[in-house]
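The sequence shown begins at 67 in this note's numbering and counts up one residue at a time. Beta carbons: idealized from backbone N, C-alpha and C, even for Gly.
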Amino acid sequence: MHSLNLPRWQPTLLLLTLLISLSLAPYAQAESSPTLTIAKGEEGNALTLGDIEALGLHDFTLQHPEGPEGTFSGVWLNALLKQQGLDKARRVRFIAEDGYTTFLTPQERRNKRYLLVTRLDGEPVTQKDLGPYMLIVPEDAEAALEGDVSITRWIWAIRKIQAR
Ligand SMILES: Nc1nc2c(c(=O)[nH]1)N[C@H]1C(S)=C(S)[C@@H](COP(=O)(O)O)O[C@H]1N2
Ligand SMILES: [Mo]
Numbered sequence: 067m068h069s070l071n072l073p074r075w076q077p078t079l080l081l082l083t084l085l086i087s088l089s090l091a092p093y094a095q096a097e098s099s100p101t102l103t104i105a106k107g108e109e110g111n112a113l114t115l116g117d118i119e120a121l122g123l124h125d126f127t128l129q130h131p132e133g134p135e136g137t138f139s140g141v142w143l144n145a146l147l148k149q150q151g152l153d154k155a156r157r158v159r160f161i162a163e164d165g166y167t168t169f170l171t172p173q174e175r176r177n178k179r180y181l182l183v184t185r186l187d188g189e190p191v192t193q194k195d196l197g198p199y200m201l202i203v204p205e206d207a208e209a210a211l212e213g214d215v216s217i218t219r220w221i222w223a224i225r226k227i228q229a230r
């Protein structure tokens, strides 16, 4: 009886194993694939989600003026720049997937605490929710939603940070 059942179970087990590995693959990839380039001059440094989040995550529950709401988690931009040896940069430029680009001066980075968001409700941020990375100023969230402060530096879909 057993010797007859075994061959019938094997394909099922194999299929289950395959399905589980396939459904987990995107998460494994998100943790390790290079997704954010930080460059100083010509040298570009490809950072993974794990590299960035090693700085420690901070959580803020808010609604982004562009729509997405929930708990935004990320690292302080200044901490990331310091870790990369770029905290003294006169200009830190952000380049988004849609071609949008803007920069922050040292004074602007001192005036407001910018959070580089890596997760929304615990998951890497999808493109639809303005991912993979976005800058927000948590202390301005309510004023931004009311339209009382400019969000020109709330750049989303960030792929590259360039310092000089
Ligand atoms: N990736 C990306 N971020 C962006 C923008 C953009 O076009 N792409 N527009 C910026 C500007 S100029 C403003 S005022 C706010 C809101 O842009 P919107 O009014 O064009 O939606 O998001 C900022 N961040
Ligand atoms: Mo704007």
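Determine the burial state of residue i: buried for a count of at least 16 other Cβ atoms within 10 Å of its Cβ, exposed for fewer.
i	result
residue 112	exposed
residue 101	buried
residue 192	exposed
residue 118	buried
Please go through the same chain and pick out, in chain order, the residues whose beta-carbon is closer than 6 Å to the beta-carbon of residue i, but skip the five residues on each side of it.
i	result
residue 163	223, 225
residue 143	180, 182
Looking at residue i and ligand 2, is the gap between the Cβ and the nearest heavy atom below 7 Å?
i	result
residue 168	no
residue 78	no
Would you please state the rounded distance, in angstroms, between the beta carbons of residue i and residue j? I believe it to be under 8 Å.
i	j	result
residue 230	residue 133	The pair is not a contact, with the Cβ atoms about 33 Å apart (cut-off 8 Å).
residue 147	residue 121	About 11 Å separates the two Cβ atoms, so there is no contact after all.
residue 128	residue 204	7 Å
Does the Cβ of residue i lie closer than 7 Å to at least one heavy atom of ligand 1?
i	result
residue 218	yes
residue 132	yes
With DSSP run on the structure shown, which of helix, strand or coil describes residue i?
i	result
residue 116	helix
residue 142	strand
residue 102	strand
What does a CB cutoff of less than 7 Å around residue i pick up in its chain, not counting 5 residues either side in sequence?
i	result
residue 172	156
residue 228	105, 159, 161
Could you pull out every residue in the same chain whose Cβ sits closer than 8 Å to the Cβ of residue i, ignoring the five residues on either side in sequence?
i	result
residue 168	159, 160, 218, 219, 221
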